[in-house]
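Q:
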Amino acid sequence: MNPSSTITADGANGSARYSLDEGPSDVSRPSTIRPTTTEPYDGGTPARPSPVGGYIYGVSDEDSGLNGRVARTSATENAETPTPPPPGASEINYGDGTSLPPRLVPETPESGVVATELNDRVGTYGNPGVVGQGTSGYPQSGGTDEVDNGSTNTYGVGAMDNGLPRERTGNSYTVDGGETTGGPLTLDTTRQLARPVPMVTDTALLDSATDLENSSGVQRWIGIQSPAISVQKRAPASVQVNRPAKFELLVRNDGTTRAESVVVTDRVPKGTQFLNASPEPQIVGGQLVWQLGAMEPGEEQEIVIQLLPIAEGQIISAAQVTFTAIAAATARSTRPELTMEIESAPSVLIRDRTDVTITINNIGTGPALNVLLEGDLPMLLTHPLGPALKNKLGTIEAGERKVIRLTLDAVEPGSAIGQVRLRDDVGLDIAKNIQIQVISPQLQVNAKGPRVKYLEREAKYVLSIGNPGTAAAHRVELVANLPDAMKFISADKHGEYDPRTHSVYWGLDELPSNQVGSVSLVLLAVKEGEHSLDIEAHGDLNTRSSAKFDVSIQSVPELFFTISDSADPIEVGADTVYSVELSNQGTREDTNVIVEVIFPPALRPVAAEPDTQVQVDDQRVSFQPIARLAPGETRRFQVRAAGITAGDVRAAFRVMSDTTAWITKEEGTKVYADSVRP
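Numbering of the sequence shown is given in numbering that gives the first Met the number 0, commencing with residue 0 and proceeding in unit increments.
#1: Closer than 8 Å is the cut-off here; do at least three beta carbon pairs connect the segment 573-588 with the segment 617-631?
#2: With a threshold of 6 Å on Cβ separation, who are the neighbours of Ile-304 within its own chain once the five nearest residues in sequence on each side are excluded?
#3: In its own chain, which residues sit with a C-beta less than 6 Å from the C-beta of Ser-551, not counting the 5 before and 5 after it?
#4: Please work out which residues of its chain come closer than 6 Å, Cβ to Cβ, to Glu-557, disregarding the five sequence neighbours upstream and downstream, and give them in chain order.
#5: In its own chain, which residues sit with a C-beta less than 6 Å from the C-beta of Ile-643, not counting the 5 before and 5 after it?
#6: From the DSSP output, which residues share a beta bridge with Ser-621?
#7: Give me the residue from Leu-388, Gly-254, Ile-309, Gly-297 with the minimum Cα distance to Gly-374.
#8: In the DSSP assignment, what are the bridge partners of Ile-552?
#9: Please state whether the Cβ-Cβ distance between Ile-597 and Tyr-577 is less than 8 Å.
#10: Look at the alpha carbon of Thr-264 and the alpha carbon of Arg-334, and state the distance between them as a whole number of angstroms.
#11: Excluding the 5 residues flanking Gly-417 on each side, which residues of the same chain have their C-beta closer than 6 Å to its C-beta?
#12: Give me the DSSP bridge partner(s) of Ser-545.
#13: Hey, Ile-221 and Thr-394: beta-carbon distance below 8 Å or not?
#14: If we require 3 or more residues per run, which beta strand (DSSP E) segments fall completely within the segment 287-357?
#15: Any idea if Pro-511 is buried or exposed, counting beta-carbon neighbours within 10 angstroms, 16 or more meaning buried?
#16: Measuring alpha carbon to alpha carbon, tell me which of Tyr-460, Asn-361, Val-410 ends up nearest Gly-448.
#17: With a CB to CB cut of under 7 Å and the five nearest residues on each side skipped, what residues in its chain are close to Gly-684?
#18: Please report how far the alpha carbon of Asp-351 lies from the alpha carbon of Met-339, in whole angstroms.
#19: Would you call Val-478 buried or exposed, if buried means 16 or more other Cβ atoms sit within 10 Å of its Cβ?
#20: Starting from Gly-385, trace the beta strand (DSSP E) both ways and give me its first and last residue.
#21: For Asp-657, which residues of its own chain have a beta-carbon under 6 Å away from its beta-carbon, when the five flanking residues on both sides are left out?
#22: Could you check the C-alpha separation between Asn-455 and Glu-495 for me, to the nearest Å?
#23: Measuring CB to CB, does Ile-429 end up less than 8 Å from Ile-357?
#24: As a quick exercise: from Gly-506, Arg-242, Arg-587, pick the residue whose alpha carbon is nearest that of Val-525.
#25: From Ala-415 to Ser-544, what does the alpha carbon distance come to, in whole angstroms?
#26: If we require 3 or more residues per run, which beta strand (DSSP E) segments fall completely within the segment 369-449?
#27: Using the DSSP secondary-structure output, state which residues sit across from Leu-602 in a beta bridge.
#28: Tell me which residue opens and which closes the beta strand (DSSP E) that Trp-505 is part of.
#29: DSSP on Val-576, reduced to helix/strand/coil?
#30: Spatial neighbours of Ile-593 within its chain, please: C-beta separation below 6 Å, excluding the five flanking residues on both sides.
#31: Rounded C-beta distance between Val-261 and Phe-322? I'm assuming under 8 Å.
#32: Where does Gln-281 sit, in a helix, a strand or coil, going by DSSP?
#33: For Leu-522 and Glu-411, I'd like the C-alpha separation in whole angstroms.
#34: Determine the DSSP secondary structure at Gln-218, reduced to helix, strand or coil.
#35: Taking the alpha carbon of Ala-573 as the point to measure from, which residue in Arg-635, Asp-617, Gln-618, Ala-640 has its own alpha carbon closest?
#36: Following the continuous beta strand (DSSP E) through Asp-253, name the residue where it begins and the one where it ends.
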């Protein structure tokens, strides 16, 4: 067996050669690769390999203690003389005096600058496997390790992303390890590469508007949410390089409620390659991801992962589990909607009571809170609590109906307008008017007749009673209170005179609204002076009306006289006597009463009686004035006259006084001659 073998790796634009130092044959450990020619790296920051740069073919692990220092290698290697590790490079100590050389990095064909850390190219996993072109630690299109002892390592794998297979290009991986490996080993890699699986859609995520809007879907999240996810990873106590090993993950919900969005994330351990897993994972960002979705209490999920160890050392496999505990609370958004209706009689009779019914309905979907009912009543309607009313209704539930009745007293006639308002503390304001007509009968009395009357003269008065109100008047009584200066004579329509009160009464059962009734009354003036006729009416509901009718009763003289002659016709030269009877038919004496007689030329006055203080002035005869002529007193006067010439003649008799102007009456007489007979 050759002490060293040569490994040739072809890159995209260049190649690198390394020697394989298998070491003593009695030491059972993997072959080690050593460079045949080394040059210390002169420092600086090594660059990442470009897509067409070199490839890493190391098998070391960061856990081995390598500090990542690099060496520059030549294109040819001495297979006979192993070259010691580059200065400053560390080795893996196996505990038996042997050690694993540091990783070897080929130089970049274009610049000759080598890359540093293995993890710079293997992503988050840091797998120390063979790295092909790109960013993974696996071959891109397969390759062959040429070893001096004649063993050949064939890689039938495709390019990797972040240390994970991207495409299969072969089905076997053959390693001839000789004495160090215990014989040939052939692996079936048909199922080594995991097929990508679709993301598991978790319908329980909080961003699912459909579930959240569905009240039945959210019920499981109401209450205390206490899921408890436990995770346990099991691995064999020991594994061998190039032999598949099974690692197990057991995920369990030990809580009492459902866990949502359970996600298991695993990294391929350093020093291993991922073969497959059940269930198949999704490769996300260089990681193995299982989205298990929701797990009910007590539910468990087992994940089996097949890994291929490719390096000695401690394999640390760690997984991470995340889940979501969703706690939900529901609140029903409601909208109260209040309506208010007011019912009342259109009218009410004065002094009666009327009910105003206020009906409040909540036709909305939620309770109305802090509801307040306010009322402003008109002065025509009264309530025991006053004109401004407040009623705290509090809460009115959805569908609830409240009925409030206000009993009001009608105290004055007219149109009563009030307002009822419904309020709450969030802007509710409903106002409705109360309009009720307070009706009432109204009596109105009046009288017509002479306002000046003389003594002993009768006067007729017409009394009227009307109802200009808005309601019929019932049980109406009309009363005429007579003055002492007037005597009751008669009354129509069953008017009754009561001498005790000196009043006349009429009764009416009903007097409709806007109707007028009348009665008549005959009185005699018996006393001089100023008097009044007092009229009043009253009926139910304390309706009243009154009026005064003033009457002036006067006592005035009234002169009256009559004339008569003793002979008519008379012959020329013959005499006739004219008699005058004067009386005061008034109620008061008359003064300075004068009586005169004026004769025409055909008659000549001859004598007069009483003859005292009679004055004759040609054809005028004047009697002495009567100083006082009492009421009812009569005076008589006579005048004798002779016929002078024939013809129809007339004598004028006149009376006057201090209160009476001239009153003239004529008396005719026919005078004839002897030769002519009537």
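We put the beta carbon where it would ideally sit given N, CA and C, even for glycine.
This one's a predicted model, so the numbers in the text were calculated from it and none came from an experiment.
A: Reading from the atomic positions:
#1: yes
#2: Phe-246, Ala-276
#3: Val-451, Glu-529
#4: Gln-584, Gly-585
#5: Ala-601, Arg-603
#6: Glu-595, Gln-614
#7: Leu-388
#8: Lys-452, Gly-528
#9: no
#10: 48 Å
#11: Asp-375, Leu-376, Pro-377, Ile-433
#12: Glu-535
#13: no
#14: 299-308, 318-323, 337-343, 346-348
#15: exposed
#16: Tyr-460
#17: The first residue shown for the chain is 0 and the last is 677, placing residue 684 beyond what the model contains.
#18: 26 Å
#19: buried
#20: First-last for Gly-385: undefined, no H or E at that position.
#21: Thr-590, Asn-591
#22: Checking the sequence shown, residue 455 turns out to be Glu, not Asn. Roughly 23 Å between the two C-alpha positions.
#23: no
#24: Arg-587
#25: 24 Å
#26: 387-395, 400-409, 413-422, 428-438, 443-447
#27: Gly-642
#28: 502-510
#29: strand
#30: Pro-624, Met-655
#31: 4 Å
#32: strand
#33: 39 Å
#34: helix
#35: Ala-640
#36: First-last for Asp-253: undefined, no H or E at that position.
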